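Peer 1: Listed in order, the protein sequences are those of chains A and B. Once you know that position 9 of the first sequence is 290 in the numbering used here, the rest is easy, because the numbers rise by one and skip nothing. Once you know that position 280 of the second sequence is 353 in the numbering used here, the rest is easy, because the numbers rise by one and skip nothing. Idealized CB from N, CA, C, for every residue including glycine. All of these numbers come straight from a predicted model, not from anything done at the bench.
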Amino acid sequence: MASILLVDDVFIARSMAERVLRYVGGYTVQSVGSGKEAIEVAQSNPPDLIVLDISMAQMDGITALRELRQCGIGCPVIAFTARVERTPGEFVAQGFSAYASKTGDLKDLLNTVRGVLKGAQRN
Amino acid sequence: MLHAEHEDVSHDGLIADILTPLIVASALFALLTLALIAGSRSDVGISSFIFPAILLLNTLIAQQAQQHNKLFFAATLMSYTIGLLPIFTVFTHSPSSNSIMFIAPLGVLLGTLILPFRVGFTIAGIGIAMLIVSIFMNPTVALLSQALLILLLLGFGALGCWASDTILGTIAWALDTSAKSERREKLLRQTQHELQEAIYERERLNNAMQITNRDLEAARAAAEAAYQSKSSFMARMSHELRTPLNLIIGFSNAMLEHPEMYEMQPLPEIYQADISAIRASGQHLLGLINDILDLAKVEAGRLELHKAPFQIEALLEEMYKTAGALLLNRPVVLTRDWPSPLPTIVADETRIRQVLLNLISNASKFTDEGEISLGARANDKEVLIWVRDSGIGIAPEDQVRMFGEFEQAESDDSRQRGGTGLGLSICRWLVEMHNGKIGLESTPGIGSTFFFTLPLNAETTYSHPTKPTAEPVDNSYAELHTM
Numbered sequence: 282m283a284s285i286l287l288v289d290d291v292f293i294a295r296s297m298a299e300r301v302l303r304y305v306g307g308y309t310v311q312s313v314g315s316g317k318e319a320i321e322v323a324q325s326n327p328p329d330l331i332v333l334d335i336s337m338a339q340m341d342g343i344t345a346l347r348e349l350r351q352c353g354i355g356c357p358v359i360a361f362t363a364r365v366e367r368t369p370g371e372f373v374a375q376g377f378s379a380y381a382s383k384t385g386d387l388k389d390l391l392n393t394v395r396g397v398l399k400g401a402q403r404n
Numbered sequence: 074m075l076h077a078e079h080e081d082v083s084h085d086g087l088i089a090d091i092l093t094p095l096i097v098a099s100a101l102f103a104l105l106t107l108a109l110i111a112g113s114r115s116d117v118g119i120s121s122f123i124f125p126a127i128l129l130l131n132t133l134i135a136q137q138a139q140q141h142n143k144l145f146f147a148a149t150l151m152s153y154t155i156g157l158l159p160i161f162t163v164f165t166h167s168p169s170s171n172s173i174m175f176i177a178p179l180g181v182l183l184g185t186l187i188l189p190f191r192v193g194f195t196i197a198g199i200g201i202a203m204l205i206v207s208i209f210m211n212p213t214v215a216l217l218s219q220a221l222l223i224l225l226l227l228g229f230g231a232l233g234c235w236a237s238d239t240i241l242g243t244i245a246w247a248l249d250t251s252a253k254s255e256r257r258e259k260l261l262r263q264t265q266h267e268l269q270e271a272i273y274e275r276e277r278l279n280n281a282m283q284i285t286n287r288d289l290e291a292a293r294a295a296a297e298a299a300y301q302s303k304s305s306f307m308a309r310m311s312h313e314l315r316t317p318l319n320l321i322i323g324f325s326n327a328m329l330e331h332p333e334m335y336e337m338q339p340l341p342e343i344y345q346a347d348i349s350a351i352r353a354s355g356q357h358l359l360g361l362i363n364d365i366l367d368l369a370k371v372e373a374g375r376l377e378l379h380k381a382p383f384q385i386e387a388l389l390e391e392m393y394k395t396a397g398a399l400l401l402n403r404p405v406v407l408t409r410d411w412p413s414p415l416p417t418i419v420a421d422e423t424r425i426r427q428v429l430l431n432l433i434s435n436a437s438k439f440t441d442e443g444e445i446s447l448g449a450r451a452n453d454k455e456v457l458i459w460v461r462d463s464g465i466g467i468a469p470e471d472q473v474r475m476f477g478e479f480e481q482a483e484s485d486d487s488r489q490r491g492g493t494g495l496g497l498s499i500c501r502w503l504v505e506m507h508n509g510k511i512g513l514e515s516t517p518g519i520g521s522t523f524f525f526t527l528p529l530n531a532e533t534t535y536s537h538p539t540k541p542t543a544e545p546v547d548n549s550y551a552e553l554h555t556m
């Protein structure tokens, strides 16, 4: 089963998404609360996919993605955000594989993860 | 009129100009003669004083008359005095000092020159008559000088007649010219003064305007800053609000739909209705916050359209299905009315979907039974899309306010049915950003039709308005519908 690294600085949000991915999606999930930790974990235990929150207080998701890439982590990364005013295209242009909305629609996250993993397998 | 007046003035001016030196000269002459007579040792009779005394007296009278502006009288008096007094003096008294008579022609000349000719000739006539009488009465008088004086009187009279036109004309012209140039100069000075005043006034106004402009600019900048900060505050705030709200909805979803997350223990049935209510309330609140965020973005000028060509027909099909789902299990008939094919339009599909969804959801909210119809028409310039319902309708006084922020129809009924009052305002913004028009037609109790147009030509650019336009759209639906 694919392993997912979930990055979100809000504990409750992280725990909800973690449980959805683990229990509903059936993935192996590691979760961390900051971009910094994400880099550490991804380097020591490379995941198949990263779900990255965009609006984090310390290091935002876009910066985190850039640093992850600089550290040689090349797995697909999904932008996970409640900022509905941003278009999926904007995130893809910044190097994300896809975008999942944090609107409480749990199926959207699951479908996006599934789709990205399937695409990655094909490649 | 002006010309005549002007000539009078110059003629009076001429008389006055001649009178003044004449009066001075004759007064001096009279005084001098008096002094000479009084000073002479020779035995002089009282009669010798008559000529200078009368001359002085008449001169003083003439001077007074002139001062009282009786110029004609003064001139006549002076003419008679100069013309007749010398002859009279010689005639009545000493013929020995008859050289004084030769002043008389000057009076005739004066009379003909500046007064009507008859005055001069009357003086000349009287003078000649007196001379002739004196010749007969006193044969000792030198005939030659008498005859010469008669000739002189006539000659000066004629000279005066001949010259008056030329001289008067010339003098009048000269005076007129001088007066004119004086007036012109005065006018010029006045104009110059006025011009200077005007320049000062303009400078003063300019300064005032600059100050006002500066104040205005400062006020505008302050308002703009307040507006921007309000909008960005709203944008950030609504994001902060949505984060926990998304969790409320998310956990409600998890509890209702994903028992996997709870060790496969399904939510006890007794909780399900309440958790559903939590989810529905959360979703409603989220809708509100999204609307507010949209509005904040529009007002801050940060809402960008992602225009691309898309099939309006496909969107209508999708919306028709959505409407069907909304009206499920309700006694409302859903109908469709658009020709196929409809043109492809260049617009932000997501935003147009948002507008349509809003109109459809409004229609379903306010229509308990009857019909809801989704329709469209197109011509070569634009496409018209409408949502018609047989719902409660909107009172005419409410119709004009429908597209303003936080506006809803005033009835309790519409309050009960919920909604933020922001939806139509956002629809209006979005349609207007596409250079389209939005409007409504409604009859209370019969139903409402909300419609909007989108231009097919995407080249038209949208300039962001700083303030929402307040007036309602005046294009009637009926008018648009004929296309």
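Consult DSSP for Ala283 (chain A) and reduce its assignment to one of helix, strand or coil.
Peer 2: Walking along the first sequence from the start, residue 283 (chain A) turns up at place 2. Residue state, collapsed to three classes: coil.
Peer 1: With 7 Å as the C-beta to C-beta threshold (strictly closer), list the residues of the region 288-318 of chain A near chain B in chain order.
Peer 2: Residues Val291, Ile293, Ala294, Met297, Arg300, Val301, Tyr304, Val305.
Peer 1: Under DSSP, the alpha helix (DSSP H) around Ala451 (chain B) begins and ends at which residues?
Peer 2: Here residue 451 (chain B) is taken as the residue at index 378 of the second sequence, counted from 1. Boundaries for Ala451 (chain B): no alpha helix (DSSP H) harbours it, while the beta strand (DSSP E) harbouring it runs 443-451, taken from the DSSP string.
Peer 1: By DSSP, does Arg488 (chain B) sit in helix, in strand, or in coil?
Peer 2: Counting from one through the second sequence, the residue named residue 488 (chain B) turns up at place 415. Its pLDDT being 47, under 50, Arg488 (chain B) is placed unreliably by the model, and the measurement read from it follows with that caveat. In the structure shown, Arg488 (chain B) sits in a helix (DSSP, three-state: H, G or I).
Peer 1: Give the interface partners of Gln383 (chain A) over in chain B, defined as CB-CB distance under 7 Å, in chain order.
Peer 2: To locate residue 383 (chain A), count along the first sequence from 1; it is residue 102. Reading off the sequence shown, one finds Lys at residue 383 (chain A), where the question assumed Gln. In chain order: Asn319.
Peer 1: Is Ser172 (chain B) buried or exposed, if buried means 16 or more other CB atoms sit within 10 Å of its CB?
Peer 2: Residue 172 (chain B) sits at position 99 when you count from the first residue of the second sequence. Exposed: under 16 other Cβ atoms inside 10 Å.
Peer 1: Mapping DSSP to helix, strand and coil, what is Pro528 (chain B)?
Peer 2: For this step, residue 528 (chain B) is matched to residue 455 along the second sequence. Here Pro528 (chain B) sits in strand by DSSP.
Peer 1: For Val397 (chain A), is the classification buried or exposed, using 16 other Cβ atoms within 10 angstroms of its Cβ as the cut-off for buried?
Peer 2: By one-based count along the first sequence, residue 397 (chain A) stands at place 116. By the neighbour-count rule (16 or more Cβ atoms within 10 Å), Val397 (chain A) is buried.
Peer 1: Classify Tyr308 (chain A) as helix, strand or coil using the three-state DSSP reduction.
Peer 2: Within the first sequence, the letter at position 27 stands for residue 308 (chain A). DSSP places Tyr308 (chain A) in coil when its eight states are reduced to three.
Peer 1: Taking only beta-carbon positions, decide if Leu387 (chain A) is within less than 8 Å of chain B.
Peer 2: What you label residue 387 (chain A) is simply residue 106 of the first sequence in a count that begins at 1. With 8 Å as the cut-off, Leu387 (chain A) counts as an interface residue toward chain B.
Peer 1: Closer than 8 Å, CB to CB, is Ala323 (chain A) near chain B or not?
Peer 2: Sequence index remark: in the first sequence, residue 323 (chain A) carries index 42 (1-based). For Ala323 (chain A), the answer is no, since every Cβ of chain B falls outside 8 Å of its Cβ.
Peer 1: Is the CB of Ala283 (chain A) under 8 Å away from at least one CB in chain B?
Peer 2: The residue given as residue 283 (chain A) occupies position 2 in the first sequence. Answer no: the Cβ-Cβ gap between Ala283 (chain A) and chain B never drops below 8 Å.
Peer 1: Between the region 420-454 of chain B and chain A, which residues of the former have a C-beta closer than 9 Å to a C-beta of the latter?
Peer 2: Here the close residues are Thr423.
Peer 1: Just how far apart, CA to CA, sit Glu442 (chain B) and Ala436 (chain B)?
Peer 2: Position 369 of the second sequence, counting from 1, holds the residue named residue 442 (chain B). Position 363 of the second sequence, counting from 1, holds the residue named residue 436 (chain B). So the alpha carbons of these two residues sit roughly 11 Å apart.
Peer 1: Figure out for me which residue from B:Met174, B:Ala247, B:Gln472, B:Ile499 has the closest Cα to the Cα of Leu513 (chain B).
Peer 2: The residue labelled residue 513 (chain B) in the question sits at position 440 within the second sequence. Ranking B:Met174, B:Ala247, B:Gln472, B:Ile499 by Cα distance to Leu513 (chain B) puts B:Gln472 first.
Peer 1: Report the partner residues of Gly557 (chain B) according to the DSSP bridge assignment.
Peer 2: Since the first residue shown for chain B is 74 and the last is 556, residue 557 (chain B) is missing from the structure and cannot be characterised.
Peer 1: Among all the DSSP beta bridges, which residues are the ones paired with Pro382 (chain B)?
Peer 2: Counting from one through the second sequence, the residue named residue 382 (chain B) turns up at place 309. Answer is B:Val419, bridged to Pro382 (chain B).
Peer 1: Interface residues of chain A around Ile519 (chain B) at Cβ under 7 Å?
Peer 2: To locate residue 519 (chain B), count along the second sequence from 1; it is residue 446. Within 7 Å Cβ-Cβ: nothing; Ile519 (chain B) doesn't reach chain A, min ~37 Å.
Peer 1: Can you list, in chain order, the residues of its chain with a C-beta nearer than 8 Å to that of Asp290 (chain A)? Leave out the 5 residues immediately preceding and following it.
Peer 2: Within the first sequence, the letter at position 9 stands for residue 290 (chain A). Sequence-distant partners of Asp290 (chain A) (beyond 5 residues in either direction) whose C-beta falls short of 8 Å from its own C-beta, in its chain, are Gly314, Ser315, Asp334, Met337, Ala338, Gln339.
Peer 1: Give the single residue among B:Ala451, B:Ala100, B:Ala369 whose Cα lies nearest to the Cα of Leu415 (chain B).
Peer 2: As a first step, residue 415 (chain B) must be located in the second sequence, where it is residue number 342. Considering only alpha carbons, the answer is B:Ala451.
Peer 1: For Ala379 (chain A), would you say it is in contact with chain B, using Cβ-to-Cβ distances shorter than 8 Å as the test?
Peer 2: Here the question's residue 379 (chain A) lines up with position 98 in the first sequence. Ala379 (chain A) does not count as touching chain B.
Peer 1: Mind checking who Thr408 (chain B) pairs with in its DSSP beta bridge?
Peer 2: Along the second sequence, one-based indexing puts residue 408 (chain B) at 335. Thr408 (chain B) pairs with B:Ser446.
Peer 1: Hey, how far is the Cα of Met392 (chain B) from the Cα of Gly360 (chain B)?
Peer 2: Position 319 of the second sequence holds residue 392 (chain B). Position 287 of the second sequence holds residue 360 (chain B). Met392 (chain B) and Gly360 (chain B): Cα-Cα distance of roughly 18 Å.
Peer 1: If the cut is a Cβ gap below 7 Å, which residues of chain B does Ala363 (chain A) touch?
Peer 2: Mapped onto the first sequence, residue 363 (chain A) falls at position 82. At a C-beta separation below 7 Å, Ala363 (chain A) has these neighbours in chain B: His312, Arg315, Thr316, Asn319.
Peer 1: Against Glu333 (chain B), what residues of chain A qualify as contacts under a CB-to-CB distance less than 7 Å, listed in chain order?
Peer 2: Taking the first residue of the second sequence as 1, we reach residue 333 (chain B) at position 260. Residues of chain A passing the Cβ test: Tyr304, Val305.
Peer 1: Quick check: the Cα distance between Lys388 (chain A) and Glu422 (chain B), rounded to an integer number of angstroms?
Peer 2: Along the first sequence, one-based indexing puts residue 388 (chain A) at 107. Along the second sequence, one-based indexing puts residue 422 (chain B) at 349. Whole-angstrom Cα-Cα distance: 23 Å.
Peer 1: For Thr185 (chain B) and Cys234 (chain B), what's the separation of their Cα atoms in angstroms?
Peer 2: Taking the second sequence and counting its residues from 1, one reaches residue 185 (chain B) at position 112. Taking the second sequence and counting its residues from 1, one reaches residue 234 (chain B) at position 161. If you take the alpha carbons of Thr185 (chain B) and Cys234 (chain B), they lie about 6 Å apart.
Peer 1: Answer yes or no: do Val510 (chain B) and Phe525 (chain B) have a C-beta to C-beta separation smaller than 8 Å?
Peer 2: Within the second sequence, residue 510 (chain B) is the residue found at index 437, counting from 1. Within the second sequence, residue 525 (chain B) is the residue found at index 452, counting from 1. Correcting the residue type first, residue 510 (chain B) is Lys in the shown sequence and not Val. Yes. Within cutoff.
Peer 1: If we ignore side chains and look at the alpha-carbon of each, how far apart do Thr162 (chain B) and Ile123 (chain B) end up?
Peer 2: Taking the second sequence and counting its residues from 1, the one referred to as residue 162 (chain B) is at position 89. Taking the second sequence and counting its residues from 1, the one referred to as residue 123 (chain B) is at position 50. Whole-angstrom Cα-Cα distance: 8 Å.
Peer 1: Just to confirm my understanding: we take Leu378 (chain B), look at its own chain, exclude 5 residues before and 5 after, and list those with CB closer than 8 Å. What are they?
Peer 2: Mapped onto the second sequence, residue 378 (chain B) falls at position 305. Ala420, Asp421, Arg424, Met506, His507, Tyr535.
Peer 1: For a cutoff of 8 Å on Cβ pairs, would you count His537 (chain B) as touching chain A?
Peer 2: As a working note, residue 537 (chain B) is residue 464 in the second sequence. A caution first: His537 (chain B) carries a pLDDT of 46, below 50, which makes its placement in the model unreliable, though a value can still be read off. No, His537 (chain B) does not count as interfacial toward chain A.
Peer 1: For Ala379 (chain A), which three-state DSSP category applies?
Peer 2: For the purposes of this step, residue 379 (chain A) is identified with residue 98 of the first sequence, where counting begins at 1. Note: Ala379 (chain A) maps to strand in three-state DSSP.
Peer 1: With distances taken between CB atoms, is the gap from Leu150 (chain B) to Gly180 (chain B) smaller than 8 Å?
Peer 2: Counted from its first residue, the second sequence places residue 150 (chain B) at position 77. Counted from its first residue, the second sequence places residue 180 (chain B) at position 107. Cβ distance not < 8 Å, so Leu150 (chain B) and Gly180 (chain B) don't count as in contact.
Peer 1: What residues are listed by DSSP as bridge partners for Phe124 (chain B)?
Peer 2: Counting from one through the second sequence, the residue named residue 124 (chain B) turns up at place 51. Paired residues: none, contrary to the question.
Peer 1: Over what stretch of residues does the beta strand (DSSP E) that includes Leu222 (chain B) continue unbroken?
Peer 2: As a working note, residue 222 (chain B) is residue 149 in the second sequence. Not the beta strand (DSSP E): Leu222 (chain B) falls in the alpha helix (DSSP H), residues 216-236.
Peer 1: To the nearest angstrom, how far is it from the Cα of Ala357 (chain B) to the Cα of Gln338 (chain B)?
Peer 2: Start at 1 with the first residue of the second sequence, and residue 357 (chain B) comes out as number 284. Start at 1 with the first residue of the second sequence, and residue 338 (chain B) comes out as number 265. This sequence places His at residue 357 (chain B); Ala is not what is there. In a straight line, the C-alpha of His357 (chain B) is about 28 Å away from that of Gln338 (chain B).
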